[in-house]
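Reading through the structure tokens given below for one structure.
Residue numbers (this note's numbering), protein chains in the order written: chain A, 1 to 450; chain B, 451 to 578.
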């Protein structure tokens, strides 16, 4: 049983099929590929090179492999895995829900953008960087004629580059991280020379095309009434400036989608590098719960190439645990290649650090939880007047993270606000517990026997 | 209108009292801009009773935001919303059909004849 048909899930399925198994592959999307290699709808005609740039070969290879695999697996697209309970996984498609028992479950749940809120981030026209990229890749649309890209991370420059190339030149690229951090991270980043070269190429291209790029900025607010008008920020020298734009792409790296691992009762531990709680796994992807395996960005952010390797490695672990033989050389090679990618990943975290410090200075009126419209001030009230020692208590008291997205977009920032208000390290305020259903289900839903 | 370029002193932002609008078209009409793939078949839907023509293969979110500037009103009175993540994770883009069905706009493909409501919901009005 595999959840997700992105790079991790697809490669895991491939390895299980090679061993003569017929896995069930559940995926929310209509077509395989995950977010990174998301496909355009069938009515679209752009060639892969236009959609995926330098990654077109990898995307096409993954798509072809999975399409060839479909007759040999039980593939269930447009299906949500919404709970894991007592050895069964609960699936919803349309208005039907079904519980399937499994011997082994590989979760390749992927990632979302990691967001630090700022005043105005709920205005129409503000999208996550990943969302801005999906608009372009899957729908041939720009989020605006003149978007501002704000945040940090490699995706900031990639999306800006893709927008400029597609005919929506960014008004500016505003990076909160200092340029010096990127220089200092060069030794680790050189673990993957081709990835480093691509990153440098995107920013050099943007510079050559006179797209304004600023580092070390402090975001202040997104302005506008009913829609985005521009961004206010402080530059590296501390001067307040503003730039007009009709849309904003916002993101500070990625966060793992860990709800299913949580519902499967896997142990989590605080990861100080990424400043988030992550499920504990061994190097092959085994969680603390027998029969539950994690692979790809859903376990730990490492990118698409690492996810392909981790998917295959988790499948090898499943096979070994089911008593089938797996060549020792295969797992050794996969582990070695993954270790090199991990070094690069650590470099990225240092080059583009999550701006934890911004949480403490968010104005009280800033909406942190966009689902329930809960402000930073209310979270601080939970921390002080109401005495909430950790995030689940704060959620119970002021509803921060209680909305439909289940804290995907406010959870990490809300924890930073709470920790800063209490003056304790982030690890002490805990993590939001996952709740079933992990996403909204229709009210009228029919249970079917399997 | 100001030329879009870096000025001599290296300051490319507008003076503090003025928003520099780079394109005349920015900030009016639909939120999203189609950049390519315009040769698809038209699909007709209605939005709050008004006819909207979208293109086959559009998500409901793209159909609504190439024609308009938002998807819904926040339940908490903090203004209009227009989605955020576009990947089915944030749950900010749920809209209603006239028959009362709820649809997540970013993950729903449009179909001919859909009737979408972004503002009033008649079935929530008190019985007269």
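Glycine included, C-beta positions come from ideal geometry on N, C-alpha and C.
Closest by C-alpha distance to residue 338 of chain A, when choosing among A/80, A/191 and A/96: Within the first chain, numbered from 1, the residue matching residue 338 of chain A stands at position 338. Among A/80, A/191 and A/96, the Cα nearest to that of residue 338 of chain A belongs to A/191.
Close-in-space but distant-in-sequence residues of the same chain around residue 280 of chain A (CB under 8 Å, 5 per side omitted): Taking the first chain and counting its residues from 1, one reaches residue 280 of chain A at position 280. Only 266, 267, 268, 269, 287 and 288 meet the Cβ criterion.
Contact the stretch 378 to 396 of chain A vs the stretch 134 to 148 of chain A: 3+ CB pairs below 8 Å: Judged by Cβ distances under 8 Å, the stretch 378 to 396 of chain A makes no contact with the stretch 134 to 148 of chain A, as fewer than three pairs qualify.
Residue 472 of chain B (DSSP reduced to helix, strand or coil): Along the second chain, one-based indexing puts residue 472 of chain B at 22. Note that residue 472 of chain B has pLDDT 45, beneath the 50 cutoff, so the model's placement of it is unreliable and the number below is only indicative. Secondary structure at residue 472 of chain B: coil, using DSSP grouped into helix, strand and coil.
Residue 60 of chain A beta carbon less than 8 Å from that of residue 27 of chain A: In the first chain, the residue the question calls residue 27 of chain A occupies position 27. In the first chain, the residue the question calls residue 60 of chain A occupies position 60. The answer is no: Cβ separation not under 8 Å.
Min CB distance residue 7 of chain A to chain B below 8 Å: Counted from its first residue, the first chain places residue 7 of chain A at position 7. No, residue 7 of chain A lies away from the interface with chain B (no Cβ there is under 8 Å from its Cβ).
Test: residue 367 of chain A CB closer than 8 Å to a CB of chain B: Within the first chain, numbered from 1, the residue matching residue 367 of chain A stands at position 367. For residue 367 of chain A, the answer is yes, since a Cβ of chain B falls inside 8 Å of its Cβ.
Chain A contact for residue 486 of chain B (CB, 8 Å cutoff): Position 36 of the second chain holds residue 486 of chain B. Interface criterion met: the Cβ of residue 486 of chain B is under 8 Å from a Cβ in chain A.
Residue 334 of chain A burial status per 10 Å Cβ neighbour count (16 or more: buried): The residue labelled residue 334 of chain A in the question sits at position 334 within the first chain. Under a 10 Å Cβ-count criterion, residue 334 of chain A is classified as buried, with 16 or more other Cβ atoms of the shown protein chains found around its own Cβ.
Residue 419 of chain A in three-state terms, based on DSSP: As a position in the first chain, residue 419 of chain A is number 419, starting the count at 1. Of the three classes helix, strand and coil, the one that applies to residue 419 of chain A here is helix, per DSSP.
Sequence-distant residues of its chain with Cβ nearer than 6 Å to residue 185 of chain A (five each side left out): Numbered from its first residue, the first chain carries residue 185 of chain A at position 185. Apart from sequence neighbours up to five positions away, the residues of its chain that approach residue 185 of chain A with a beta-carbon distance below 6 Å are 347, 350 and 351, ordered along the chain.
Cβ-based neighbour list, residue 439 of chain A, same chain, cut-off 7 Å, excluding 5 preceding and 5 following: Along the first chain, read from residue 1 onward, the residue named residue 439 of chain A stands at position 439. For residue 439 of chain A, the CB contacts under 7 Å within the same chain, skipping 5 residues up- and downstream, are 80 and 82 in chain order.
Interface positions of the stretch 386 to 402 of chain A facing chain B (Cβ-Cβ less than 9 Å), listed along the chain: Within the stretch 386 to 402 of chain A, no residue has its Cβ closer than 9 Å to any Cβ of chain B.
Residue range of the unbroken beta strand (DSSP E) whose run includes residue 152 of chain A: The sequence position of residue 152 of chain A within the first chain is 152, counting from 1. Counted as a single uninterrupted DSSP element, the beta strand (DSSP E) harbouring residue 152 of chain A occupies residues 147 to 152.
Contact set between residue 516 of chain B and chain A, taken where Cβ atoms lie within less than 8 Å: One-based indexing of the second chain puts residue 516 of chain B at position 66. Simply 141.
Host beta strand (DSSP E) of residue 240 of chain A (start-end): Position 240 of the first chain, counted from the start, is the residue given in the question as residue 240 of chain A. Following the DSSP letters along the chain, one finds residue 240 of chain A inside the beta strand (DSSP E) bounded by residues 240 to 244.
Chain B contact residues for residue 44 of chain A, given Cβ-Cβ distances below 8 Å: The residue given as residue 44 of chain A occupies position 44 in the first chain. By Cβ distance, chain B contributes 487, 490 and 507.
Exposure of residue 408 of chain A, with buried meaning 16 or more beta-carbon neighbours within 10 Å: If you number the first chain from 1, residue 408 of chain A lands on position 408. Residue burial is scored here from C-beta neighbours: residue 408 of chain A has at least 16 other C-beta atoms within 10 angstroms and is therefore classed as buried.
Status (buried if at least 16 other CB within 10 Å, exposed otherwise) for residue 239 of chain A: Within the first chain, the letter at position 239 stands for residue 239 of chain A. By the C-beta density criterion, residue 239 of chain A is exposed, having fewer than 16 other C-beta atoms within 10 angstroms.
Neighbour flag for residue 559 of chain B against chain D, beta carbons, 8 Å: The displayed structure is made up of protein chains A and B, and chain D is not among them.
Residues, ordered as in the chain, of the stretch 112 to 135 of chain A that lie near chain B by beta-carbon distance below 9 Å: Answer set for the stretch 112 to 135 of chain A: 112, 113, 115, 121, 122, 123, 124, 125, 126, 127, 128, 130, 131, 132, 133, 134 and 135.
Cβ shell of residue 375 of chain A (< 8 Å), same chain only, five flanking positions each side left out: Residue 375 of chain A sits at position 375 when you count from the first residue of the first chain. Cβ neighbours of residue 375 of chain A beyond the five flanking positions: 364, 365, 366, 367 and 368.
Proximal chain B residues relative to residue 75 of chain A, where beta-carbon distance stays under 7 Å: In the first chain, residue 75 of chain A corresponds to position 75, counting from 1. Those do not exist, as residue 75 of chain A stays about 18 Å from chain B at its closest Cβ, beyond 7 Å.
Nearest residue (CA-CA) to residue 566 of chain B, options B/526, B/494, B/536 and B/529: What you label residue 566 of chain B is simply residue 116 of the second chain in a count that begins at 1. It is B/494 whose Cα lies nearest to the Cα of residue 566 of chain B.
Within chain B, partners of residue 440 of chain A - CB distance below 7 Å: The residue you call residue 440 of chain A lines up with position 440 of the first chain. The answer, in chain order, is 541.
Contact check, residue 143 of chain A vs residue 247 of chain A, beta carbons under 8 Å: Here residue 143 of chain A refers to the residue found at position 143 when the first chain is read from its first residue. Here residue 247 of chain A refers to the residue found at position 247 when the first chain is read from its first residue. Cβ distance < 8 Å, so residue 143 of chain A and residue 247 of chain A count as in contact.
Residue nearest to residue 498 of chain B in terms of C-alpha spacing, selected from B/545, B/556, B/554 and B/560: Taking the second chain and counting its residues from 1, one reaches residue 498 of chain B at position 48. The residue with the shortest Cα to Cα distance from residue 498 of chain B is B/545.
Pairwise C-alpha distance: residue 127 of chain A and residue 251 of chain A: Your numbering for residue 251 of chain A matches position 251 in the first chain. Your numbering for residue 127 of chain A matches position 127 in the first chain. Here the alpha carbon of residue 251 of chain A sits roughly 9 Å from the alpha carbon of residue 127 of chain A.
Spatial neighbours of residue 370 of chain A in its chain, beta-carbon cut-off 6 Å, leaving aside the 5 residues before and after: Taking the first chain and counting its residues from 1, the one referred to as residue 370 of chain A is at position 370. Closer than 6 Å at the Cβ level, and outside the excluded window around residue 370 of chain A, lie 122.
Runs of alpha helix (DSSP H) lying entirely within the stretch 176 to 246 of chain A, each at least 4 residues, in chain order: For the stretch 176 to 246 of chain A, whole alpha helix (DSSP H) runs of length 4 or above, ordered along the chain, are 179 to 184, 186 to 189 and 193 to 208.
Under 7 Å (Cβ pairs) to chain B, residues found in the stretch 160 to 179 of chain A: Answer in chain order: 166, 167, 168 and 171.
Exposure label - residue 579 of chain B; buried when at least 16 CB within 10 Å: No answer is possible for residue 579 of chain B: it lies beyond the span of chain B, which begins at 451 and ends at 578.
Residues from the stretch 26 to 45 of chain A in contact with chain B, defined by Cβ distance under 9 Å: Under the 9 Å Cβ criterion, the stretch 26 to 45 of chain A contributes 28, 29, 30, 35, 38, 40, 41, 42, 43, 44 and 45.
Those runs of the beta strand (DSSP E) which lie wholly inside the stretch 300 to 328 of chain A and span at least 3 residues: The stretch 300 to 328 of chain A contains no whole beta strand (DSSP E) run of 3 or more residues.
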